[in-house]
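Note that this note's numbering gives residue 2 to position 2 of the sequence shown, counting from 1, and the numbers run on in steps of one.
Beta carbons: idealized from backbone N, C-alpha and C, even for Gly.
All of these numbers come straight from a predicted model, not from anything done at the bench.
Since the structure comes first, as structure tokens, the remarks are kept for the end.
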Amino acid sequence: SLDMGIHSITAYTVTASKLVGLIPTVTYTMLATNINGTTQVLTDAATVTWNISSGSVATVTLTANRALSVTNPFQGMVGTLLIKQDATGSRTLSLPATSYVVGGGTGAITLTTTANAVDIISFIYINSTFYWTYGKNYN
Numbered sequence: 001s002l003d004m005g006i007h008s009i010t011a012y013t014v015t016a017s018k019l020v021g022l023i024p025t026v027t028y029t030m031l032a033t034n035i036n037g038t039t040q041v042l043t044d045a046a047t048v049t050w051n052i053s054s055g056s057v058a059t060v061t062l063t064a065n066r067a068l069s070v071t072n073p074f075q076g077m078v079g080t081l082l083i084k085q086d087a088t089g090s091r092t093l094s095l096p097a098t099s100y101v102v103g104g105g106t107g108a109i110t111l112t113t114t115a116n117a118v119d120i121i122s123f124i125y126i127n128s129t130f131y132w133t134y135g136k137n138y139n
């Protein structure tokens, strides 16, 4: 079901069958979370797990070097993560194994190392691969 109120909206699938022989069967999966402005606050742990079906916008504060795991992505999905350094700074975040980063990186981003620095990374998920872009040093 789809609830356009203040509650979170979960992913749902719509299948369209052939229409007068012109359109083949196509399945679309849509995620409509964050319509209400909800942002997930991810738990800082050795592996930071982002369950994308709970929302495509999230934040995390890193207190050590971490790895990111994104669960439940689907074709065409987009997501944005705000990453904050703790008061020490110089923390790293490795991306999922199937990641490419703007500028030729293969799963590696260099975060701003300043204490309490804020960086924002975003992705689109196509053919089982995350394609990332990022903005640095929102201080």
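Residue pairing from DSSP places Q85 in a beta bridge opposite L62. According to the DSSP assignment, T129 belongs to the beta strand (DSSP E) that extends over T129 to G135. Ranked by Cα distance from N139, the options T133, I124 and T112 are led by T112. Cβ contact annotation for T61 (same chain, cutoff 7 Å, sequence separation greater than five): D44, K84 and D86, in chain order.
The DSSP-derived three-state label of S54 is helix.
Taking a 10 Å sphere around the C-beta of V41, we find fewer than 16 other C-beta atoms and assign the residue as exposed. The alpha-carbon of Y134 is positioned some 6 Å away from that of I120. Contact annotation: A108 and V101 have beta-carbon atoms nearer than 9 Å. For L95, the CB contacts under 6 Å within the same chain, skipping 5 residues up- and downstream, are L68 and G107 in chain order.
The DSSP-derived three-state label of V102 is coil.
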